[in-house]
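Residue 113 in full-length UniProt numbering sits at position 113 of the sequence shown; the count goes up by one each step and never skips.
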Amino acid sequence: MLTVFPDIRTMSLVEQIAKHFREVHSGGNWTAVNLKDTLSGVTWQQAITKVGNLNTIAVLVFHINYYVSAVLQVLQGGPLDASDKFSFDLPPLTSEEDWQKLVDKVFTDAEQFAAEIGKMEEKKLFEAFAAPQYGNYYRNLTGIIEHTHYHLGQISLIKKMLS
1 MLTVFPDIRT MSLVEQIAKH FREVHSGGNW TAVNLKDTLS GVTWQQAITK
51 VGNLNTIAVL VFHINYYVSA VLQVLQGGPL DASDKFSFDL PPLTSEEDWQ
101 KLVDKVFTDA EQFAAEIGKM EEKKLFEAFA APQYGNYYRN LTGIIEHTHY
151 HLGQISLIKK MLS
């Protein structure tokens with residue numbers, strides 16, 4: 001099967017970052033692993049099942065999106081309102097509906113996040129993000145992608161352990 005890629009020579013840096021972010025969520029990245037496919041078929045019982053001392057799939061999904069939601073708020077003009085100490089505080093999931101709401105939120109937030117990146121002027125990438133101690137927008141946006149890949153690997157392994 002022939003895959004057609006956009007001509008990256010004509011894509012701006014913000015468009016490339018948005019594309020890369022979308023790909024870790026929905027596919028097409030060079031790792032051939034993405035959240036959509038990995039979470040496909042995971043039931044809420046599997047999502048909340050603890051394997052040894054590892055985080056659950058649900059907690060990792062929440063954790064990934066915790067930072068996406070926080071940065072999305074900044075991209076939309078709001079304040080950075082997040083704390084690492086709350087990033088694993090998933091409210092209890094007691095049904096398949098709860099699990100699907102979490103998964104739906106992840107993909108809704110992801111699309112909004114990518115759209116906001118795509119609207120940015122490229123020069124903003126090198127401006128301070130929220131406060132100088134957090135680095136620039138480029139560092140934070142690419143960091144979100146790295147963070148997602150990192151925890152996606154954990155989710156993939158936990159899913160295999162549960163099979």
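Glycine included, each C-beta is placed from N, C-alpha and C at the ideal position.
How is the alpha helix (DSSP H) around residue i delimited, first residue to last?
i, result
"ASN140", "137-162"
"ARG88", "At residue 88 the sequence reads Phe, which differs from the Arg that was named. Note, PHE88: premise wrong, no alpha helix (DSSP H); not H, not E."
"THR108", "96-119"
Can you tell me whether residue i is helix, strand or coil according to DSSP?
i, result
"ALA82", "coil"
"ALA128", "strand"
"LEU13", "helix"
"LYS50", "coil"
To the nearest angstrom, how far is it from the Cα of residue i to the Cα of residue j?
i, j, result
"GLN100", "TRP44", "8 Å"
"ARG22", "ALA110", "7 Å"
"GLU96", "VAL33", "24 Å"
"PRO79", "GLU122", "21 Å"
"ASP104", "GLN73", "18 Å"
"VAL106", "PHE113", "10 Å"
"GLY28", "ASP89", "30 Å"
"LEU75", "LYS124", "11 Å"
"LYS85", "HIS63", "11 Å"
If you measure between the beta carbons of residue i and residue j, is that distance less than 8 Å?
i, j, result
"GLY135", "PHE126", "no"
"residue 200", "LEU152", "The question about residue 200 has no answer here: the residues shown for the chain are numbered 1 through 163."
"residue 168", "LEU141", "Absent from the model: residue 168. The displayed extent of the chain is 1 to 163, so no value can be given."
"ALA47", "ALA58", "yes"
"TYR67", "HIS147", "yes"
"residue 231", "GLN154", "Since the first residue of the chain shown is 1 and the last is 163, residue 231 is not available in this structure."
Between the stretch 108-123 and the stretch 8-17, do three or more beta carbon pairs fall short of 8 Å? yes
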